Structure formats: structure tokens, C-alpha cells
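Here the structure is laid out as C-alpha cells; the discussion comes afterwards.
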Amino acid sequence: MISIRDRPAEAEDRAIPGHWEGDLLTGANDTNIATLVERHSRFTMLVKLARRDSATVVRAIAEKIGTLPEELRRSLTWDQGKEMARHKSFTVATDLQVYFCDPRSPWQRGSNENTNGLLRQYFPRATNFSHVSQDQLNAVALRLNQRPRKILDFETPADRLQRVLQ
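With this note's numbering applied, the sequence shown corresponds to residues 29 to 194, in that order.
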């Protein structure tokens, strides 16, 4: 397990896109979705999960990350939850290094925690994610990615990401 303290400076200062923060958002009946937020642009991707076990989470996130262009696949920062116990297989599948936050330090993934708060506007805690489709998750991610953000000088995450990819 590699500590967040060993994460490259380019990830820390958000200078270069392709560094992601991830987490699980839990709903009713222990249902979950994975949230991925790109640190430079705050671009968000949501992933439907059938279960919370490490094999399922790692496979689903690897598939989603695999859809990205290579320049957007640099690193992933996660908390120390057991859902990423198979992080080495994730790194092999995606060529992304996984960095882990210190215990009980959610501020070390601040963009992701903020996004999870925004997601609660769409998915209150009582949401049973087994009744939410990937298409519905994609629609919510699109809304968040088209929402101007003060931190981006009121640019949208989608526009910021598009600009850096050109």
C-alpha cells in the first residue's frame, strides 16, 4: 500500500490532469456506487456496483478508467477501505498507481468528498442504488460536469477537461 505522502507533486498541486480521487457512496440496504473525480478539472464519473467486495469494485473501476484516453490515466487516490484490497490487480489492469489516504482523513480527497456531497442532492442517503441504472448515474454525472464551479472560475468540469485535452 502506497501512502498519499508518496503521491507525485503534479497530483498534489493539480497541475496536470489524469489524477483521480475515488470513494464509495453508500445508500440504503448497503448498496453502493463508486465515485471518481479528476483532480485538475473536477470531472466526475459514477460507477454502478453490484456488490461492495474488492473484486467487484476493482473490476468496475478498472473498466471505467479503461475508457479514458491514456493522458487521463495517471493515478488514483482512495481511502483505506477494504474495497480496494485488490489494488495491485487494479494497477496491473490500468497502469494507474493507487495512493491511500491516512486513516480518518477524508480531507485528503477533498474534491471527491465535495462531489459526494453534491451527489446527495440527487441521491439522498435512503437511495437504494440497486434501483438506479448506469444510465441514470451517467445523466447525473453529466449534470455535475456541466455545472459551473467557483473553484474553476465558473468554468464547467467538462469544459476544463476538454480544454486541457486539446
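Glycine included, C-beta positions come from ideal geometry on N, C-alpha and C.
It should be emphasised that the depicted structure is a prediction, and the values quoted were computed from it without experimental measurement.
*Assign K76 to buried or exposed, taking buried as 16 or more other Cβ atoms, counted over all protein chains shown, within 10 Å of its Cβ.*
Residue numbering aside, residue 76 sits at position 48 when the sequence shown is read from its first letter. It is buried - the Cβ of K76 has at least 16 other Cβ atoms within 10 Å.
*Counted within 10 angstroms of its Cβ, other Cβ atoms place M112 as buried (16 or more) or exposed*: Against the sequence shown, residue 112 aligns to sequence position 84. Note on M112: 16 or more other CB atoms within 10 angstroms of its CB, so buried under the neighbour-count rule.
*Based on Cα-Cα distance, which residue from Q190, L53, P131 lies nearest to R80?*
The count along the sequence shown starts at 1 and reaches residue 80 at position 52. Of the listed residues, the one whose Cα sits closest to R80 is L53.
*Along the chain, which unbroken stretches of the beta strand (DSSP E) at least 3 residues long are found entirely within the stretch 106-135?*
Qualifying beta strand (DSSP E) stretches, in chain order: 125-128.
*Taking 7 Å as the cut-off, is the CB of S31 close to at least one heavy atom of the ligand PLP?*
Although the ligand PLP was asked about, the structure shown includes no ligands whatsoever.
*Got a sec, what are the start and stop residues for the alpha helix (DSSP H) D187 sits in?*
Locating residue 187 in the sequence shown gives position 159, counting from the first residue. D187: member of the alpha helix (DSSP H) spanning 185-193, first to last residue.
*Note down the Cα distance separating H47 from S117, rounded to an integer number of angstroms.*
Locating residue 47 in the sequence shown gives position 19, counting from the first residue. Locating residue 117 in the sequence shown gives position 89, counting from the first residue. Across the structure, H47 and S117 are spaced so that their CA atoms are roughly 18 Å apart.
_I want to know whether the stretch 30-41 touches the stretch 154-170 - three or more CB-CB distances under 8 Å._
Because the criterion of three Cβ pairs below 8 Å is not met, the stretch 30-41 and the stretch 154-170 do not touch.
*asked:* Can you tell me which residues form a DSSP beta bridge with T62?
replied: As a working note, residue 62 is residue 34 in the sequence shown. The identity of residue 62 in the sequence shown is Ala, whereas the question assumes Thr. A62 is bridged to L52, V75.
*Selection from S103, P131, E38 that minimises the alpha carbon distance to L124*: Residue mapping note: residue 124 aligns to position 96 of the sequence shown, counting from 1. It is S103 whose Cα lies nearest to the Cα of L124.
*If we count the other Cβ atoms within 10 Å of its Cβ and call it buried at 16 or more, is V120 buried or exposed?*
For the purposes of this step, residue 120 is taken as the residue at position 92 of the sequence shown. Classification for V120: exposed.
*Can L172 and L146 be called in contact, C-beta distance under 8 Å?*
On the sequence shown, position 144 is the one that residue 172 refers to. On the sequence shown, position 118 is the one that residue 146 refers to. Yes, these two residues count as a Cβ contact at 8 Å.
*Of the residues F182, L100, L64, which one's Cα is nearest the Cα of N166?*
Position 138 of the sequence shown, counting from 1, holds the residue named residue 166. Looking at the Cα atoms, L64 is the closest of the given residues.
*Whose C-beta lies closer than 6 Å to the C-beta of K92 among residues of the same chain, with five residues either side of it excluded?*
To locate residue 92, count along the sequence shown from 1; it is residue 64. Within the same chain, K92 has close Cβ partners M73, V75.
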